[in-house]
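Heads up: the structure comes next, in structure tokens.
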Ligand code: NAD
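Residue numbers (the numbering used here): 170 to 675.
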């Protein structure tokens, strides 16, 4: 590793097509989580910075929304090609600032590109609806329009994929877009912006305003922003949902999670266990789809079998930086976050759980590493069963039946995802019909929907009506006009009479 200073990168705001010099804003350090070294400084933008971005976006909206959709998507096609060309570079940037390994980082870049591909279908996705002859000679149609200036606020854990959940859909639909990336991982967003410029997006259609809490508050209150898409922790999602709606904005706020993985006695453990390990410890457990509770369904021998195998696999994971070949458990995002994860493990122990695998002693001297951890004998009333830890910690809950497993899961305030491991189709159906979670995995520990489906958390894992991606994503960034038409002078068309719905409808 070279001297820190040589690695410090310039993080800039991008407003109205200009990468701006820092103008006296405070900054927050960005770290390489594998070494703990400072690699960049994020400017914490002010209300004035945000206001300039809204003005630039608003000015650009006029021309961009009037650009035919078939031309708008040419930018997205070029963008897709550029993202492919720069795939490894983006992947390595994600690893550098987030810490995850190359496989996970590459996976998220791929998932992001898939949303760009989806948005290239915008001429079809934006189609309205028609019913001809709703009364004699009367047609009813609907058209979809972009909203105006929209904003996205994103978390640290997917610095490439999550901006791309909304960016291509919002601009493909004709909106002007402001991104407020996580202050902890701003570098990938910056590169995504540079590539958009190369793809030929007109100035002002895409803007980056870096910052943290105050910048978010400015977004929630700015009268020039029509819609806010947020992804992050549950307490902040609630603040954003309430704050933005109180200011008349459309909001989608994707929040935290506590996902159960239910393991039935007939599960094919040779394949289930690696899958459980990857769900729990992949990305250091910093995924909203991470399986963080293993619900082992009885009898006791079956429960012991799965817990023992998971423990064996977890304890042999190779701990190391994401950019080192073969690393399986990578660092968490910050030293303060590592401390928080440790506090949860201490708490679990105090609550009566048994620490059967203990990662509290930092496994490496430098960086923000936390070892693989398993808490056995966790009960529903414990905080470690209910609260999001967001680290490489697995809580094990033992139950006698599938119904008990479903009951435990449904008592969670969250409803992001749930997985079941079994070969029994009837059990799967029974579970699917009763479990309260919005993304379900059958023998799959990370139940991530493809770009053409919604990212579908429920309960306290989501605030709003329309989810990100898929048709929901398109609806979120558009609104309808419904038109009803008759032509009076055309010969041969019977004229509507007063009894017909066109005249009597409300
Ligand atoms: P976070 O809530 O700390 O930050 C998210 C964004 O909100 C950041 O841009 C941050 O600058 C801003 N922010 C932070 N505190 C704020 C405050 N008090 N007021 C206003 N804005 C504030 O989340 P994070 O730690 O970056 O991300 C991890 C969380 O995100 C986890 O809870 C995870 O489950 C969740 N997440 C959810 C999904 C999903 O789809 N449901 C996906 C990814 C991550």
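Virtual Cβ for every residue (Gly too), placed ideally from N, Cα, C. Bear in mind that the values here come from a model prediction, so they are computed numbers and not experimental data.
Beta carbon of residue i nearer than 9 Å to that of residue j
| i | j | result |
| --- | --- | --- |
| residue 211 | residue 355 | yes |
| residue 377 | residue 350 | yes |
| residue 497 | residue 511 | no |
| residue 567 | residue 520 | no |
| residue 388 | residue 219 | yes |
| residue 373 | residue 642 | no |
| residue 329 | residue 405 | no |
| residue 203 | residue 281 | no |
| residue 585 | residue 627 | yes |
| residue 314 | residue 652 | no |
| residue 193 | residue 421 | no |
| residue 408 | residue 600 | no |
| residue 256 | residue 275 | yes |
| residue 385 | residue 345 | no |
| residue 580 | residue 555 | yes |
| residue 199 | residue 266 | yes |
| residue 483 | residue 446 | yes |
| residue 306 | residue 655 | yes |
| residue 588 | residue 614 | yes |
| residue 393 | residue 224 | yes |
| residue 379 | residue 612 | no |
| residue 184 | residue 353 | no |
| residue 638 | residue 621 | yes |
Residue i Cβ short of 8 Å to the ligand NAD heavy atom set
| i | result |
| --- | --- |
| residue 598 | no |
| residue 331 | yes |
| residue 323 | yes |
| residue 326 | yes |
| residue 478 | no |
| residue 626 | yes |
| residue 223 | no |
| residue 403 | yes |
| residue 561 | no |
| residue 414 | no |
| residue 645 | no |
| residue 587 | no |
| residue 455 | yes |
| residue 613 | no |
| residue 398 | no |
| residue 630 | yes |
| residue 353 | yes |
| residue 280 | no |
| residue 420 | no |
| residue 231 | no |
| residue 377 | no |
| residue 451 | no |
| residue 382 | yes |
| residue 510 | no |
| residue 349 | yes |
| residue 425 | yes |
| residue 394 | no |
| residue 408 | yes |
| residue 557 | yes |
| residue 385 | yes |
| residue 504 | no |
| residue 637 | yes |
For residue i: DSSP bridge partner residues
| i | result |
| --- | --- |
| residue 490 | DSSP lists no partner for residue 490. |
| residue 430 | 463, 588 |
| residue 655 | 307 |
| residue 633 | 421 |
| residue 188 | 183 |
| residue 583 | 628 |
| residue 648 | 314 |
| residue 543 | 526, 563 |
| residue 376 | 347 |
| residue 398 | 321, 421 |
| residue 206 | 201 |
| residue 212 | 196 |
| residue 178 | 209 |
| residue 442 | Residue 442 is not bridged to any residue. |
| residue 610 | 588 |
- Is the segment 568-588 close to the segment 520-537, with three or more CB pairs under 8 Å? no
- Looking at C-beta atoms only, is the number of pairs between the segment 362-370 and the segment 273-288 that lie closer than 8 Å three or more? no
- Item | Cβ contact check for the segment 479-493 and the segment 237-246: 3 or more pairs under 8 Å | no
- Message: Contact between the segment 548-564 and the segment 448-468 is defined here as three or more beta-carbon pairs at a separation below 8 Å; is this criterion met?
- Response: yes
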